[in-house]
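In terms of the working numbering, the sequence shown opens at residue 15 and continues consecutively. Cβ coordinates follow ideal geometry from the N, Cα and C atoms, glycine included.
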Amino acid sequence: MANHMQFGFQDASSPIMEELTQFHDHALMVALAICSLVLYLLTVMLTENLTSNTVDAQAIELVWTILPAAVLIMLALPSLRILYMMDEVNEPNLTLKAIGHQWYWTYEYTDFKDLTFDSYMTPTTDLPLGHFRLLEVDHRVIVPTSSTVRVIVTADDVLHSWAVPSLGVKTDAIPGRLNQTSFLASRPGIYYGQCSEICGANHSFMPIVVEAAPLANFESWSTLMSS
Numbered sequence: 015m016a017n018h019m020q021f022g023f024q025d026a027s028s029p030i031m032e033e034l035t036q037f038h039d040h041a042l043m044v045a046l047a048i049c050s051l052v053l054y055l056l057t058v059m060l061t062e063n064l065t066s067n068t069v070d071a072q073a074i075e076l077v078w079t080i081l082p083a084a085v086l087i088m089l090a091l092p093s094l095r096i097l098y099m100m101d102e103v104n105e106p107n108l109t110l111k112a113i114g115h116q117w118y119w120t121y122e123y124t125d126f127k128d129l130t131f132d133s134y135m136t137p138t139t140d141l142p143l144g145h146f147r148l149l150e151v152d153h154r155v156i157v158p159t160s161s162t163v164r165v166i167v168t169a170d171d172v173l174h175s176w177a178v179p180s181l182g183v184k185t186d187a188i189p190g191r192l193n194q195t196s197f198l199a200s201r202p203g204i205y206y207g208q209c210s211e212i213c214g215a216n217h218s219f220m221p222i223v224v225e226a227a228p229l230a231n232f233e234s235w236s237t238l239m240s241s
């Protein structure tokens, strides 16, 4: 859960989000090294009387060709690895379909019969004490922990985006098209997200709440909802 003084990511609660956080730190260190080098060279140029009549400098030309290429490779390789990890959905334990509407979400558990519901934001007037304003919903998405969940995302009217930062998930919901993503909740908890594509007047009132629970609790909930 983010707070008003937070400058970094939310706590990672899925393997993908852990990878994204590590890649962010890696890229930040590379950027810091580049900025430090540029600052050092600018300082030297401004404080020293540097003159040169050199016409041909193959060594420095080789350096400023190879060094940027090496930096790009350092960034590209881990980035491509994470992209492939995010794109692969192999043998999911559960399939969930999220349908965006103006301005609520519909969820369908395709592995169960007649397990579907709409999820609306809880109005501020009905909010229990201690709950979060503009983030709570009347029906949460319940998923089992330590299980691969495939999410099929689409929309009924305009563009939406299904995003839960702690789980490292953000997928566009496009009318007439099915996009998919996946996540694995590493531990039980409640994870908050929102529609991340401007979709109209009430765009900011489309929260997403994913509750990860032990498998036994999930089975009890699914049986209750299906009956």
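> What do you reckon, are the CB atoms on Leu-149 and Pro-202 nearer than 8 Å?
Replying inline: Here residue 149 refers to the residue found at position 135 of the sequence shown. Here residue 202 refers to the residue found at position 188 of the sequence shown. For Leu-149 and Pro-202, no; Cβs fall outside 8 Å.
> Shortest alpha-carbon distance to His-174 belongs to which of Leu-110, Ile-188, Gly-207?
Replying inline: Your numbering for residue 174 matches position 160 in the sequence shown. Nearest option by C-alpha distance: Ile-188.
>> Taking the alpha-carbon of Phe-197 as reference, which of Arg-191, Thr-109, Ile-212 has the nearest alpha-carbon?
In response: Here residue 197 refers to the residue found at position 183 when the sequence shown is read from its first residue. Nearest option by C-alpha distance: Thr-109.
> Per DSSP, Lys-127 forms a beta bridge with which residues?
Replying inline: One-based indexing of the sequence shown puts residue 127 at position 113. Among the bridge pairs identified by DSSP, Lys-127 is matched with none.
> Under the three-state reduction of DSSP, which class applies to His-153: helix, strand or coil?
Replying inline: Taking the sequence shown and counting its residues from 1, one reaches residue 153 at position 139. In the three-state scheme derived from DSSP, where H, G and I count as helix and E and B as strand, His-153 is classed as coil.
> Three or more C-beta pairs closer than 8 Å, one from the stretch 98 to 112 and one from the stretch 160 to 167: is that the case here?
Replying inline: yes
>> Just to check my reading of the structure: Leu-115 and Ser-133 have Cβ atoms closer than 8 Å, yes? What is that Cβ distance to the nearest angstrom?
In response: As a working note, residue 115 is residue 101 in the sequence shown. As a working note, residue 133 is residue 119 in the sequence shown. The residue you asked about is not Leu; residue 115 is His in the sequence shown. The pair is not a contact, with the Cβ atoms about 10 Å apart (cut-off 8 Å).
> Is DSSP giving Ile-113 helix, strand or coil here?
Replying inline: Sequence index remark: in the sequence shown, residue 113 carries index 99 (1-based). Residue state, collapsed to three classes: strand.
>> Using 8 Å as the threshold, is the C-beta distance between Ala-83 and Ser-180 below it?
In response: Within the sequence shown, the letter at position 69 stands for residue 83. Within the sequence shown, the letter at position 166 stands for residue 180. With contacts defined by Cβ atoms closer than 8 Å, Ala-83 and Ser-180 do not form a contacting pair.
>> So, under 8 Å CB-CB, Val-223 and Tyr-206 are touching, yes? Tell me the CB distance rounded to an integer number of Å.
In response: For this step, residue 223 is matched to residue 209 along the sequence shown. For this step, residue 206 is matched to residue 192 along the sequence shown. Going by Cβ atoms, the distance from Val-223 to Tyr-206 rounds to 6 Å, so yes, they are a contact pair.
> Between Val-155 and Val-58, what straight-line distance do the alpha-carbon atoms span, to the nearest angstrom?
Replying inline: Counting from 1 along the sequence shown, the entry for residue 155 is found at position 141. Counting from 1 along the sequence shown, the entry for residue 58 is found at position 44. Cα-Cα distance, rounded: 58 Å.
>> Only counting the same chain, and skipping five residues up and downstream in sequence, which positions put a Cβ closer than 7 Å to that of Leu-97?
In response: On the sequence shown, residue 97 is found 83 positions in, with the first residue counted as 1. Nothing listed; no residue qualifies.
>> So Met-100 and Ile-30 are supposed to be a Cβ contact under 8 Å. How far apart are they, rounded?
In response: Start at 1 with the first residue of the sequence shown, and residue 100 comes out as number 86. Start at 1 with the first residue of the sequence shown, and residue 30 comes out as number 16. With 8 Å as the limit, Met-100 and Ile-30 qualify as a contact, their Cβ atoms being about 6 Å apart.
> Are the Cβ atoms of Gly-214 and Trp-78 separated by less than 8 Å?
Replying inline: By one-based count along the sequence shown, residue 214 stands at place 200. By one-based count along the sequence shown, residue 78 stands at place 64. No; because the gap between Cβ atoms is not below 8 Å, this pair is not in contact.
>> For Thr-130, which residues in the same chain have their Cβ closer than 8 Å to its Cβ, ignoring the five residues on either side in sequence?
In response: As a position in the sequence shown, residue 130 is number 116, starting the count at 1. So the qualifying residues of the chain are Thr-120, Tyr-121, Glu-122, Tyr-123.
> Along the chain, which unbroken stretches of the beta strand (DSSP E) at least 3 residues long are found entirely within the stretch 130 to 215?
Replying inline: 130 to 133, 155 to 158, 162 to 169, 174 to 178, 183 to 187, 193 to 198, 203 to 209
>> Alpha carbons only, please: which of Leu-238, Ser-200, Phe-37 is nearest the one belonging to Arg-95?
In response: Position 81 of the sequence shown holds residue 95. Answer by Cα proximity: Phe-37.
> What's the call for Ala-169, buried or exposed, on a 16-neighbour Cβ count within 10 Å?
Replying inline: The residue labelled residue 169 in the question sits at position 155 within the sequence shown. Per the 10 Å Cβ criterion, buried.
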